[in-house]
Structures are given as structure tokens and as C-alpha cells.
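Chains as they are written, first to last, in this note's numbering: chain A, 41 to 259; chain B, 826 to 975.
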């Protein structure tokens with residue numbers, strides 16, 4: 041099995057190093073002449089200079105349908121066309137595309153490119169997770185359309201001794217369960233929150249910051 | 826407005842044009858003067874200078890490879906989308922988004938490279954290929970000069 045990396049400078053370089061070390065055969069396709077020369081001198085990869093979204097170039101690569109084809113250019117449109125063309129010529133089943141605009145993921149998936157990676161989204165959710173305070177854990181990846189939040193009610197939180205019905209949570213959120221010591225309490229309107237409770241809150245990601253503020257107070 | 830082939834018959838067509846260069850701006854001016862409701866999208870503000878006083882439509886400044894730009898241009902409401910930027914790959918992506926994601930009834934795109942035509946048509950996009958048109962034209966011109974039919 042070969043690994044074909046189209047475009048992308050630093051990422052392509054480091055991925056090549058990684059896969060060569062693991063014993064794979066790696067092929068690099070890049071438009072940039074200087075980058076190609078540099079790679080050819082440094083790594084034992086097959087280097088092809090040219091536009092990897094062009095049919096005539098891809099036809100020369102003699103790939104097999106089980107090769108791993110990865111498009112890493114900074115332009116979503118070029119990645120889309122490269123993957124579609126490779127899939128068409130070689131019947132490559134799961135080409136991988138990098139998308140810069142996370143919104144474009146849906147488009148790629150509609151066109152049959154199911155393996156889509158968005159660095160923007162990965163960085164974005166890593167950053168968001170680090171913004172969260174330590175009493176809070178999001179049990180789902182941040183890319184989902186719903187958040188399941190595990191929130192520890194620590195000392196001084198405004199919700200302590202309040203009944204569920206009096207907690208001014210945003211519309212698009214609900215307290216689904218309370219874990220109190222070793223028991224699970226399914227909350228009703230008159231259930232009173234105690235210090236040390238762990239709340240499982242379902243909420244839409246858009247209002248989750250408001251949820252934190254209501255339950256834990258201002259940051 | 827004359828009846829447009831393949832689109833629902835209505836009083837006023839809503840047309841979105843991507844790329845306001847020499848071709849895009851001319852088509853935009855013409856469609857607008859014919860009474861269509863036209864939106865032109867280009868990532869370069871200066872391109873809009875090519876629009877004439879006849880043009881009464883809207884301009885959207887933005888990169889059409891971002892889905893948000895397509896939403897801003899209300900592609901979902903369009904009867905016809907014309908994709909006329911100078912880059913084939915960009916055109917492919919915009920055309921496919923319009924067709925597959927926004928379900929636009931008619932999508933016409935320009936492809937310079939004749940090898941790309943097949944991929945456009947696979948996804949139900951109609952293609953104009955200036956290269957092939959020029960080839961045909963030049964053939965005709967040459968036949969005319971030669972005069973001899975073989």
C-alpha cells in the first residue's frame with residue numbers, strides 16, 4: 041500500500057517522515073519546485089512536481105484502489121477535485137481530504153468524500169475545551185450539535201439550595217440527572233440542588249456558556 | 826423576460842453569478858437589463874466596477890469557496906446559478922455545492938480544461954468550455970478560408 045500526499049508543505053513533510061519510519065512507501069505531489077527539491081534531498085519518498093488536482097498528472101501515478109490518497113493543499117476546492125479525480129480514476133474508496141473551512145465538510149461528504157479532516161475544527165475544539173473550567177467536562181466532542189455537560193456543583197455555586205424549577209437555565213438546556221454521592225437522582229421541579237452534586241446537563245452548544253454562568257456563577 | 830429553458834416559468838428569475846470578470850459582468854448586465862433579479866459574487870471589490878448603470882442587482886463581496894458566501898448570496902433561492910470564475914477547481918466546487926447542497930434547478934459552469942467537463946456533467950452541472958468553443962470556431966474559420974469541402 042502506498043501513501044500519496046498531495047500539497048501541503050509542513051504537514052506533508054512531517055507526515056512523510058512519520059510514514060516512512062513506519063515502513064510505508066510515500067509519494068509526494070506538490071506544485072512548488074523548491075519544496076520538491078528539498079524533500080527529494082532529505083527523505084526517501086517519491087516526489088512528483090505538479091498540480092495534484094489535474095487528471096493527466098494523477099493518471100501517471102499508477103495507483104491502486106487500496107492506496108491511501110490524501111489531499112492537503114490550503115485550497116478546499118483543489119482538495120475536493122483531487123479526491124474526486126483520484127476516486128474516479130483508481131476507484132480509491134476512501135480518499136482523505138483536508139478542509140480549511142469546516143462548513144465545507146458537508147459539501148465534501150455530499151460528493152462522496154467521507155474522510156474529511158478539518159484542522160480549524162480540531163484546533164477550535166481544543167481551544168474551547170481549554171477555556172472550560174475544571175468542574176466542567178463535555179462528554180461529547182465539541183463538533184456535535186448537542187453538548188452533554190458534566191458539571192460539579194462546588195462550594196459557593198449560586199444553584200445550591202435552589203429547586204430545579206427556580207434555576208433560570210436558558211431555554212435550550214435541561215438538567216437530565218443529578219449524581220448525588222453514589223445515587224442518581226432524576227430531577228423534578230421540586231428537587232433541590234446540594235453542594236457536591238454532579239449535574240448532567242443537556243444543552244445546545246450555543247447556550248452552554250450561559251449554562252455555566254447560571255450554575256457556577258460568573259467566571 | 827423570455828422563458829428560460831429548464832427553469833420554472835415565472836415573472837422574474839433569480840440568478841446568482843460567481844465571478845464578475847469580463848464574462849460574468851457582461852452576463853450580469855444583460856440579465857439585469859432583461860429584468861432578472863441578479864446577484865454577483867466576487868472576492869475582489871474592484872471587479873464590480875465592470876458592472877454598468879443598467880445593472881440593478883446586488884453585489885456580494887466574498888470568497889465563494891466558503892459556504893457562508895453562498896448562503897449570503899441566497900443560492901438556495903436561485904433559479905439559475907452561473908459559475909464563471911477563472912479557476913476550474915473553484916468552479917467545480919461552487920457548482921457542486923449549488924447543485925448538491927442547495928438543489929438549484931439549473932447550474933451552468935465554465936471549465937477551461939476540456940478534461941474537466943466529464944466531472945461537471947457527472948454531477949448534473951451544465952458546462953461551457955471556452956477552449957472547445959474556440960476550437961470549433963477556428964475550425965469553421967479555416968474551412969471558410971479553405972473553401973474546399975472534402
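All residues carry an ideal CB built from backbone N, CA and C; glycine is no exception.
*Below 7 Å CB to CB, which residues in the same chain sit around residue 149 of chain A once its five sequence neighbours on both sides are set aside?*
As a first step, residue 149 of chain A must be located in the first chain, where it is residue number 109. These residues qualify, in order along the chain: 156.
*Under 9 Å between the Cβ atoms of residue 892 of chain B and residue 928 of chain B?*
The count along the second chain starts at 1 and reaches residue 892 of chain B at position 67. The count along the second chain starts at 1 and reaches residue 928 of chain B at position 103. No; because the gap between Cβ atoms is not below 9 Å, this pair is not in contact.
*Could you name the residues of the same chain whose beta carbon sits closer than 6 Å to that of residue 877 of chain B, not counting the 5 residues immediately before and after it, in chain order?*
In the second chain, the residue the question calls residue 877 of chain B occupies position 52. Around residue 877 of chain B: 854.
_One question on the structure: do residue 940 of chain B and residue 93 of chain A come within less than 9 Å of each other, judged by their Cβ atoms?_
Taking the second chain and counting its residues from 1, the one referred to as residue 940 of chain B is at position 115. Taking the first chain and counting its residues from 1, the one referred to as residue 93 of chain A is at position 53. No, they are not a contact pair.
*Which residues in the same chain as residue 850 of chain B place their Cβ atom closer than 6 Å to its Cβ, once the five residues preceding and following it in sequence are excluded?*
Numbered from 1 along the second chain, position 25 holds the residue referred to as residue 850 of chain B. Taken in chain order, the residues that qualify are 875, 876.
*residue 867 of chain B - partner residues in DSSP beta bridges*: Position 42 of the second chain, counted from the first residue, corresponds to residue 867 of chain B. Its beta-bridge partners are B/886.
_In whole angstroms, give me the CA-to-CA distance for residue 96 of chain A and residue 102 of chain A._
Counted from its first residue, the first chain places residue 96 of chain A at position 56. Counted from its first residue, the first chain places residue 102 of chain A at position 62. C-alpha separation (whole angstroms): 11 Å.
*Secondary structure at residue 858 of chain B, three-state DSSP: helix, strand or coil?*
Looking up residue 858 of chain B in the second chain gives position 33. If DSSP states are grouped into helix, strand and coil, residue 858 of chain B belongs with the helices.
_Within 10 Å of its beta-carbon, does residue 879 of chain B have 16 or more other beta-carbons around it, so buried, or fewer, so exposed?_
Taking the second chain and counting its residues from 1, one reaches residue 879 of chain B at position 54. Label assigned to residue 879 of chain B: exposed.
*Please name the residues in the region 141-158 of chain A whose beta-carbon is closer than 8 Å to at least one beta-carbon of chain B, in chain order.*
If the cut-off is 8 Å between Cβ atoms, the region 141-158 of chain A has 141, 143, 144, 146, 147, 150, 151 near chain B.
*Between the Cα of residue 130 of chain A and those of A/106, A/180, A/143, A/43, spot the shortest distance and give me the residue it belongs to.*
Reading the first chain from its first residue, position 90 is the one you call residue 130 of chain A. The candidate whose alpha carbon is nearest that of residue 130 of chain A is A/106.
*Looking at C-alpha atoms only, which residue of B/966, B/926, B/954, B/968 is the closest neighbour of residue 899 of chain B?*
Taking the first residue of the second chain as position 1, residue 899 of chain B is located at position 74. Comparing Cα-Cα distances from residue 899 of chain B to each of B/966, B/926, B/954, B/968, the minimum goes to B/926.
*Three or more C-beta pairs closer than 8 Å, one from the region 208-220 of chain A and one from the region 245-257 of chain A: is that the case here?*
The region 245-257 of chain A and the region 208-220 of chain A touch, with three or more beta-carbon pairs separated by less than 8 Å.
_Same chain, Cβ closer than 7 Å to residue 906 of chain B, five either side skipped, listed in chain order_ = Here residue 906 of chain B corresponds to residue number 81 of the second chain, with the count starting at 1. Correct list, in chain order: 841, 900, 923, 929, 932.
*Closer than 9 Å to chain A by CB, residue 963 of chain B*: Your numbering for residue 963 of chain B matches position 138 in the second chain. Closer than 9 Å: no.
_Closer than 9 Å to chain B by CB, residue 124 of chain A_ = In the first chain, counting from the first residue as 1, residue 124 of chain A sits at position 84. It does; some Cβ of chain B falls within 9 Å.
*Just tell me which of B/937, B/958, B/873, B/883 has its CA closest to the CA of residue 846 of chain B.*
On the second chain, position 21 is the one that residue 846 of chain B refers to. Selected option, being the one with the closest Cα: B/873.
*How long is the line joining the alpha carbons of residue 231 of chain A and residue 178 of chain A, rounded to whole angstroms?*
Indexing the first chain from 1 puts residue 231 of chain A at position 191. Indexing the first chain from 1 puts residue 178 of chain A at position 138. Each residue's alpha carbon lies about 24 Å from the other.
_Quick check on the DSSP output: the alpha helix (DSSP H) that includes residue 53 of chain A runs from which residue to which?_
For this step, residue 53 of chain A is matched to residue 13 along the first chain. Counting along the chain, the alpha helix (DSSP H) containing residue 53 of chain A begins and ends at 50-61.
*For residue 166 of chain A, the nearest candidate out of A/118, A/152, A/181 (CA to CA)*: Residue mapping note: residue 166 of chain A aligns to position 126 of the first chain, counting from 1. If we check each option's Cα against that of residue 166 of chain A, A/181 comes out closest.
*asked:* Please state whether the Cβ-Cβ distance between residue 118 of chain A and residue 144 of chain A is less than 9 Å.
replied: The residue labelled residue 118 of chain A in the question sits at position 78 within the first chain. The residue labelled residue 144 of chain A in the question sits at position 104 within the first chain. No, these two residues do not count as a Cβ contact at 9 Å.
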